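Q: Taken in order, these protein sequences are the chains called A and B.
Numbering-wise, the working numbering comes out as the position in the first sequence, counting from 1, plus 2.
Numbering-wise, the working numbering comes out as the position in the second sequence, counting from 1, plus 421.
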Amino acid sequence: MNLEQLNQEYHCFNIIQDLQEKEEGKLKGLKISVKDSICVKDMESAAGSKMLEGYKPVFHATAVQKVLNEGATIIGKTSQDCFGFGSFSMNTGIGFSQPLNPIDKTRVTGGSSGGSACLTKLADFDHVSFGESTGGSIACPAAYCGVVGFTPTYGRISRYGLIDYGNSLDKLGLIAKTVKQCAEVLEIVAGHDEKDSTSIDAPVDQYTKFLNKDIKGLKIGIIKESLQEGIESEVKAAFELTINKLKDKGAIVEEVSLPLTFKYGISVYYLIAMCEASTNLAKLCGIRYGAEEKPEGNFNEYFSKVRSENFNEEAKRRIILGTFARMSGFRDAYYIKAAKIRTLIINEYKELFKNYDVLVSPTMPNVAPKIEDVKKLTPLQNYMMDVLVCGPNLAGLPHISIPVGEQTLPIGFMIMGDHLQESKIIQVASEVEK
Amino acid sequence: MNFTSDIVIGLEIHVQLNTKTKLFCSCPTQGSEEPNTRTCEVCLGMPGSKPVLNKAALEYALKLALALECEISSNLTFSRKSYFYPDLAKNYQISQYEIPLGIKGKLHLKSGKTIGITRVHMEEDPAALVHPNGMVDSKFVLIDYNRSGNPLCEVVTEPELTSPDEARDFMKQLIAVLNYLKIFDQDNCIIKADANISIKEKDYTRVEIKNITGFKEIERALNYELERQKREDVVQETRAWDAETGVTRSLRKKETEEEYGYIIDPDLTTTKIEDSLINKIKQDLPELARDKALKFVEKHKIREEDALVLSQEKELAELFEKAVEHVSPTLAVSWIRHELNRVLNYNKKSLEEVKLDEVQLINLLKLIEKKTITENVAQKILEKLIEESFDVEDYVKENKLNAVSDSGELKTLCEEAIKESSKAVEDYKSGNEKAFHAIVGVVMRKTRGAANPAEVQKIIKELLE
Chain A
3 MNLEQLNQEY HCFNIIQDLQ EKEEGKLKGL KISVKDSICV KDMESAAGSK
53 MLEGYKPVFH ATAVQKVLNE GATIIGKTSQ DCFGFGSFSM NTGIGFSQPL
103 NPIDKTRVTG GSSGGSACLT KLADFDHVSF GESTGGSIAC PAAYCGVVGF
153 TPTYGRISRY GLIDYGNSLD KLGLIAKTVK QCAEVLEIVA GHDEKDSTSI
203 DAPVDQYTKF LNKDIKGLKI GIIKESLQEG IESEVKAAFE LTINKLKDKG
253 AIVEEVSLPL TFKYGISVYY LIAMCEASTN LAKLCGIRYG AEEKPEGNFN
303 EYFSKVRSEN FNEEAKRRII LGTFARMSGF RDAYYIKAAK IRTLIINEYK
353 ELFKNYDVLV SPTMPNVAPK IEDVKKLTPL QNYMMDVLVC GPNLAGLPHI
403 SIPVGEQTLP IGFMIMGDHL QESKIIQVAS EVEK
Chain B
422 MNFTSDIVIG LEIHVQLNTK TKLFCSCPTQ GSEEPNTRTC EVCLGMPGSK
472 PVLNKAALEY ALKLALALEC EISSNLTFSR KSYFYPDLAK NYQISQYEIP
522 LGIKGKLHLK SGKTIGITRV HMEEDPAALV HPNGMVDSKF VLIDYNRSGN
572 PLCEVVTEPE LTSPDEARDF MKQLIAVLNY LKIFDQDNCI IKADANISIK
622 EKDYTRVEIK NITGFKEIER ALNYELERQK REDVVQETRA WDAETGVTRS
672 LRKKETEEEY GYIIDPDLTT TKIEDSLINK IKQDLPELAR DKALKFVEKH
722 KIREEDALVL SQEKELAELF EKAVEHVSPT LAVSWIRHEL NRVLNYNKKS
772 LEEVKLDEVQ LINLLKLIEK KTITENVAQK ILEKLIEESF DVEDYVKENK
822 LNAVSDSGEL KTLCEEAIKE SSKAVEDYKS GNEKAFHAIV GVVMRKTRGA
872 ANPAEVQKII KELLE
């Protein structure tokens with residue numbers, strides 16, 4: 003397969019470049035593409051933004067180092083919404099191309115890990131992609147492109163080497179054609195990393211053992227709110243078909259409710275993500291790496307010019323909103339309150355997991371929309387697209403999106419588990435996949 | 422706040438902790454001065470890097486907070502203090518905001534007055550800005566990140582200091598605490614202060630003075646500012662201290678508090694500060710300067726002034742403690758506080774640098790106390806002792822430096838001296854007091870300083886009368 007040609011057609015790569023450090027290992031023969039926001043040493047890692055063009059990290063992300071140690075080959079950096087700021091991969095940085103849906107090029111791939119999902123669908127070789135999800139950036143494009151998108155528990159895979167969006171939300175994850183591939187790579191990349199203070203120090207399961215494991219008697223909760231208003235009928239139909247399949251296999255399925263999550267999830271998610279993002283992006287000021295301009299004027303004038311010219315509109319919007327929400331006078335009403343409600347949302351999920359092994363919902367309320375239609379959305383309508391995926395992301399819960407249904411345009415079925423219950427998700431997902 | 426004193430001063434002091442590595446990465450805090458060599462992706466704030474807390478820095482900061490009698494927070498949380506400045510690698514500083522490490526502490530001044538400590542918190546040092554042709558003329562600024570990420574502890578006082586002199590003493594007492602705790606390297610680490618000062622005459626309009634280095638400067642800067650405030654109209658503002666010219670200059674007028682948009686640093690998890698850690702550090706805290714001074718007065722009955730000076734430096738205090746096991750406290754004070762300091766000052770060295778052989782110093786004091794040697798001889802031996810270590814007793818024997826205390830022998834020498842100095846004797850008898858000392862000098866030369874001058878004077882006087 004000619005990747006250059008593929009890229010000309012679908013714009014799934016920002017950089018095509020091979021890197022292999024070891025010949026042998028458990029991942030020998032596997033090709034891995036890496037979302038642009040994840041650092042690969044000496045390989046431009048721009049997080050899809052003009053602001054970071056030319057930034058070649060001096061270190062590998064821990065997850066990248068781990069797969070290289072096992073003989074995998076990195077094949078390049080995939081396209082994305084700049085810094086992860088988007089749900090459709092339409093907010094690519096200035097000068098970066100938007101990836102196109104592999105099934106229908108007039109439609110979006112979803113985002114922000116759009117390039118990863120698109121490439122995964124098209125690849126005719128053994129391939130897994132590293133994605134990153136802050137508020138749904140793995141599940142969403144996986145659903146729209148018809149591939150498996152796996153987001154582990156917050157802290158399960160080290161964030162070292164991830165160019166931050168919202169640090170308390172960011173999770174590295176995997177996009178692959180099969181659940182098995184996700185499980186295999188997860189076994190390698192999961193685990194504690196002393197370079198990331200937020201990584202979890204807990205044993206790593208043998209995830210592959212949970213593939214094809216009987217789900218008889220497993221308790222599954224259907225999130226009631228996810229099937230109410232705004233959901234496309236074909237998505238609902240495909241979802242219900244899958245539920246019946248799980249029932250047939252002996253799972254106990256009941257309806258559950260997450261009122262707080264559905265009422266406040268989107269607001270809380272965007273407040274926290276933008277507050278954190280606006281501090282993360284502050285370091286990009288044209289001095290040490292990435293974009294530069296002719297040094298003129300004083301420091302304030304210089305960095306203002308660099309930032310004005312190199313951040314795209316969505317990055318600017320999030321910097322302004324995020325800065326506003328943490329300013330004294332507004333901070334308590336927005337940032338602090340959002341943090342408190344986030345805790346309540348986590349508790350709401352935790353309560354359900356006392357009685358249910360996994361929760362399920364459609365991944366996205368729709369199939370991949372047309373590029374032209376997305377352009378007409380207001381920023382708020384854009385943000386509302388995350389309504390189903392933002393909950394588990396906010397709560398740091400592991401979740402997976404699996405393609406279901408027989409339609410031409412893919413539909414995603416999402417399974418969510420309690421913290422560190424990746425194995426259960428894999429168990430259920432491999433049944434759905436059959 | 423309701424102030425009553427004429428002058429109100431509060432301090433914010435930044436202390437660099439002398440850990441081996443930086444606060445959030447493993448780069449060394451000391452070493453090559455070549456710019457930007459002690460750096461990595463973390464202290465340069467490179468995208469993708471993440472901070473990891475240096476546990477030694479936490480322990481050092483806890484020592485300080487506990488020594489200042491602070492209440493320790495049950496959780497350790499860091500915040501991002503956001504502002505754009507070229508010395509900040511990330512354009513935010515990792516600091517502590519909502520939940521500082523310690524609150525409600527205190528420190529005693531020399532006078533015995535207690536100054537409240539509002540908070541003690543940890544933060545990272547920014548990089549150093551270098552203006553190649555001076556601050557005003559330089560067309561550009563160079564940034565050296567060697568310092569970026571060094572561990573700092575900020576100590577904030579209540580506005581309870583009422584004079585520049587008190588502010589100076591506060592700094593001095595704080596430095597003493599730091600030295601006792603061995604968490605600060607006075608030779609290589611910097612201690613900096615920002616001071617708030619206001620006066621009653623101007624309705625306590627608050628002025629903040631930035632960037633004052635060291636305890637001598639704080640008094641200078643505050644004295645200057647005090648006079649300025651009395652002389653000029655005072656507006657609420659931030660001023661910078663220029664040590665070279667000795668003036669404060671307006672940096673910015675501030676109508677409102679500065680805006681830092683604090684958020685909890687999401688890269689550093691909030692962790693519990695375990696009671697076991699606090700208790701362990703508490704147990705290991707050394708006896709501090711003030712406790713030592715009080716003990717010296719109580720136990721050894723020395724003057725408070727002497728006790729305070731001795732206790733200010735840990736090494737000096739410990740030497741004193743060892744000495745009083747062998748000699749009288751008065752003699753120990755006189756030789757350790759005065760003579761030793763004189764010799765050290767003369768050589769521009771600190772006690773730590775000279776590696777003084779304490780056993781031999783105490784031997785020397787014993788010889789003085791037994792009057793085996795004279796103070797003159799002892800001074801010379803002390804000067805030699807700070808250069809090298811040797812057995813004092815052997816040295817005295819070999820060089821025949823024993824005090825000539827046999828008054829028969831001394832009398833013979835005095836008679837000889839009178840015979841040899843007939844001119845001086847004559848002058849003395851005609852009322853020239855100086856001539857008397859010349860005769861004493863002859864005896865001292867004959868004994869190579871080993872005679873007790875007072876004794877010699879007494880004998881000569883008797884012989885001449």
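Cβ coordinates follow ideal geometry from the N, Cα and C atoms, glycine included.
Keep in mind the model is a prediction, meaning the values are calculated, not measured.
State the Cα-Cα distance for the pair L509 (chain B) and E708 (chain B), rounded to the nearest angstrom.
A: Against the second sequence, residue 509 (chain B) aligns to sequence position 88. Against the second sequence, residue 708 (chain B) aligns to sequence position 287. Cα to Cα, the separation comes out at about 38 Å.
Q: Please name the residues in the segment 408-421 of chain A whose beta-carbon is closer than 7 Å to at least one beta-carbon of chain B, in chain order.
A: Answer set for the segment 408-421 of chain A: empty.
Q: Thinking just about the alpha-carbon of each residue, which of A:L171, A:Y209, A:G299, A:K197 is nearest to the one in L188 (chain A)?
A: Counting from one through the first sequence, the residue named residue 188 (chain A) turns up at place 186. For L188 (chain A), the nearest C-alpha among the options comes from A:Y209.
Q: Taking the straight line between their C-alpha atoms, what separation do you get for I639 (chain B) and V576 (chain B)?
A: If you number the second sequence from 1, residue 639 (chain B) lands on position 218. If you number the second sequence from 1, residue 576 (chain B) lands on position 155. Answer to the nearest angstrom: the Cα atoms are 15 Å apart.
Q: Assuming T659 (chain B) and E629 (chain B) are in contact, meaning their beta carbons sit under 8 Å apart, how far apart are those beta carbons, in whole angstroms?
A: Indexing the second sequence from 1 puts residue 659 (chain B) at position 238. Indexing the second sequence from 1 puts residue 629 (chain B) at position 208. About 5 Å; that satisfies the 8 Å criterion.
Q: M366 (chain A) and C142 (chain A): beta carbons closer than 8 Å?
A: Position 364 of the first sequence, counting from 1, holds the residue named residue 366 (chain A). Position 140 of the first sequence, counting from 1, holds the residue named residue 142 (chain A). Yes. Within cutoff.
Q: Sort A:C287, A:K107, A:L220, A:A63 by Cα distance to L8 (chain A) and report the nearest one.
A: The residue labelled residue 8 (chain A) in the question sits at position 6 within the first sequence. Nearest C-alpha to L8 (chain A): A:K107.
Q: The segment 503-516 of chain B: which residues have C-beta closer than 8 Å to a C-beta of chain A, in chain order?
A: Listed in sequence order: S503, F505, Y506, P507, A510, K511, N512, Y513.
Q: Where does I322 (chain A) land, buried or exposed, given buried means 16+ other C-beta within 10 angstroms?
A: Along the first sequence, one-based indexing puts residue 322 (chain A) at 320. By the neighbour-count rule (16 or more Cβ atoms within 10 Å), I322 (chain A) is not buried but exposed.
Q: Kindly list, in the order they appear in chain C, the residues whose Cβ is closer than 7 Å to that of T155 (chain A).
A: Of the chains in the structure shown, none is chain C; the protein chains are A and B.
Q: Ordered along the chain, which non-local residues of its own chain (more than five positions away) have a Cβ less than 6 Å from that of A74 (chain A)?
A: Numbered from its first residue, the first sequence carries residue 74 (chain A) at position 72. Answer for A74 (chain A): L29, L32, I34, listed in chain order.
Q: Examine chain B for any beta-carbon lying closer than 8 Å to the beta-carbon of G163 (chain A), and answer yes or no.
A: The residue you call residue 163 (chain A) lines up with position 161 of the first sequence. Chain B, which has a Cβ nearer than 8 Å to the Cβ of G163 (chain A), makes this yes.
Q: Comparing alpha-carbon positions, which option in A:K251, A:A293, A:P381 lies nearest I268 (chain A)?
A: As a position in the first sequence, residue 268 (chain A) is number 266, starting the count at 1. For the residues A:K251, A:A293, A:P381, the minimum Cα distance to I268 (chain A) belongs to A:P381.
Q: Output, in sequence order along the chain, the residues in the segment 679-700 of chain B whose CB is closer than 9 Å to any CB in chain A.
A: For the segment 679-700 of chain B, which is checked against every Cβ of chain A, the residues closer than 9 Å are E680, Y681, G682, Y683, I684, I685, D686, P687, D688, L689, T690, T692.
Q: Are the beta-carbon atoms of D688 (chain B) and K471 (chain B) separated by less than 8 Å?
A: Counted from its first residue, the second sequence places residue 688 (chain B) at position 267. Counted from its first residue, the second sequence places residue 471 (chain B) at position 50. Taking 8 Å as the Cβ cut-off, D688 (chain B) and K471 (chain B) qualify as a contacting pair.
Q: Does V429 (chain B) pass the burial test, meaning 16 or more other C-beta atoms within 10 Å, or should it be called exposed?
A: Taking the second sequence and counting its residues from 1, one reaches residue 429 (chain B) at position 8. By the neighbour-count rule (16 or more Cβ atoms within 10 Å), V429 (chain B) is buried.
Q: In chain A, which residues lie with their C-beta within 7 Å of the C-beta of L465 (chain B)?
A: Locating residue 465 (chain B) in the second sequence gives position 44, where the first residue counts as 1. Correct list: R290.
Q: Measuring alpha carbon to alpha carbon, tell me which of B:R869, B:Q607, B:A838, B:K879 ends up nearest I860 (chain B).
A: As a first step, residue 860 (chain B) must be located in the second sequence, where it is residue number 439. Of the listed residues, the one whose Cα sits closest to I860 (chain B) is B:A838.
Q: Cβ closer than 8 Å: which chain A residues qualify as neighbours of E462 (chain B)?
A: Residue 462 (chain B) sits at position 41 when you count from the first residue of the second sequence. P59, V60, F61, listed in chain order.
Q: K593 (chain B) lies in the beta strand (DSSP E); which residues open and close that run?
A: For this step, residue 593 (chain B) is matched to residue 172 along the second sequence. Note, K593 (chain B): premise wrong, no beta strand (DSSP E); alpha helix (DSSP H) at 585-602.
Q: Using only CA atoms, which one of A:R109, A:G27, A:Y162, A:L260 lies nearest to Y12 (chain A)?
A: Taking the first sequence and counting its residues from 1, the one referred to as residue 12 (chain A) is at position 10. Closest by alpha carbon: A:R109.
Q: Would you give the residue range spanned by the alpha helix (DSSP H) that M865 (chain B) belongs to?
A: For the purposes of this step, residue 865 (chain B) is taken as the residue at position 444 of the second sequence. Here the alpha helix (DSSP H) through M865 (chain B) covers 854-867.
Q: If we define contact as Cβ-Cβ less than 8 Å, is P572 (chain B) a contact residue for chain A?
A: Taking the second sequence and counting its residues from 1, the one referred to as residue 572 (chain B) is at position 151. For P572 (chain B), the answer is no, since every Cβ of chain A falls outside 8 Å of its Cβ.
Q: Using a beta-carbon distance below 8 Å, is P468 (chain B) in contact with chain A?
A: Here residue 468 (chain B) refers to the residue found at position 47 of the second sequence. Cβ-Cβ to chain A under 8 Å: yes for P468 (chain B).
Q: Using 8 Å for Cβ pairs, my map puts P547 (chain B) next to L444 (chain B). What's the rounded Cβ distance?
A: Within the second sequence, residue 547 (chain B) is the residue found at index 126, counting from 1. Within the second sequence, residue 444 (chain B) is the residue found at index 23, counting from 1. Not confirmed; about 12 Å, so no contact.
Q: Could you give the DSSP three-state label for L563 (chain B): helix, strand or coil?
A: Stepping through the second sequence from its first residue, residue 563 (chain B) is reached at position 142. Strand at L563 (chain B).
Q: If you check the beta carbons only, do C287 (chain A) and F505 (chain B) fall under 8 Å apart?
A: Within the first sequence, the letter at position 285 stands for residue 287 (chain A). Within the second sequence, the letter at position 84 stands for residue 505 (chain B). The answer is yes: Cβ separation under 8 Å.
Q: Let me know the secondary structure DSSP gives R319 (chain A) once reduced to three states.
A: Position 317 of the first sequence, counted from the start, is the residue given in the question as residue 319 (chain A). R319 (chain A): helix per DSSP, three-state reduction.
Q: Determine which residues share a DSSP beta bridge with G223 (chain A) and list them.
A: As a working mapping, residue 223 (chain A) is identified with position 221 in the first sequence. Looking at the DSSP assignment, G223 (chain A) forms a beta bridge with A:E256, A:L361.
Q: Is Y513 (chain B) near A284 (chain A), with beta carbons less than 8 Å apart?
A: Taking the second sequence and counting its residues from 1, one reaches residue 513 (chain B) at position 92. Taking the first sequence and counting its residues from 1, one reaches residue 284 (chain A) at position 282. Yes, the pair counts as a contact, with Cβ atoms nearer than the cut-off.
Q: One question on the structure: do A370 (chain A) and I404 (chain A) come within less than 8 Å of each other, judged by their Cβ atoms?
A: As a first step, residue 370 (chain A) is located in the first sequence; it is residue number 368 there, counting from the start. As a first step, residue 404 (chain A) is located in the first sequence; it is residue number 402 there, counting from the start. No; because the gap between Cβ atoms is not below 8 Å, this pair is not in contact.
Q: Can you name, in chain order, every residue of its own chain whose Cβ lies under 8 Å from the Cβ of E725 (chain B), other than the five neighbours on each side?
A: In the second sequence, counting from the first residue as 1, residue 725 (chain B) sits at position 304. Excluding positions up to five away in sequence, the list reads A714, V718.
Q: Less than 8 Å between the beta carbons of L70 (chain A) and I77 (chain A), yes or no?
A: Within the first sequence, numbered from 1, the residue matching residue 70 (chain A) stands at position 68. Within the first sequence, numbered from 1, the residue matching residue 77 (chain A) stands at position 75. In this structure, I77 (chain A) does not lie closer than 8 Å to L70 (chain A) by Cβ.
Q: So, is the C-beta of C392 (chain A) closer than 8 Å to a C-beta in chain B?
A: As a working mapping, residue 392 (chain A) is identified with position 390 in the first sequence. Output row for C392 (chain A): interface = no.
Q: Using the C-alpha atoms, what's the distance from K527 (chain B) back to P36 (chain A)?
A: The count along the first sequence starts at 1 and reaches residue 36 (chain A) at position 34. The count along the second sequence starts at 1 and reaches residue 527 (chain B) at position 106. Here residue 36 (chain A) turns out to be Val, not Pro, going by the sequence shown. Each residue's Cα considered, the two are about 54 Å apart.
Q: Once DSSP output is grouped into helix, strand and coil, what is the label at G431 (chain B)?
A: Translated into the one-based positions of the second sequence, residue 431 (chain B) becomes position 10. Residue state, collapsed to three classes: strand.
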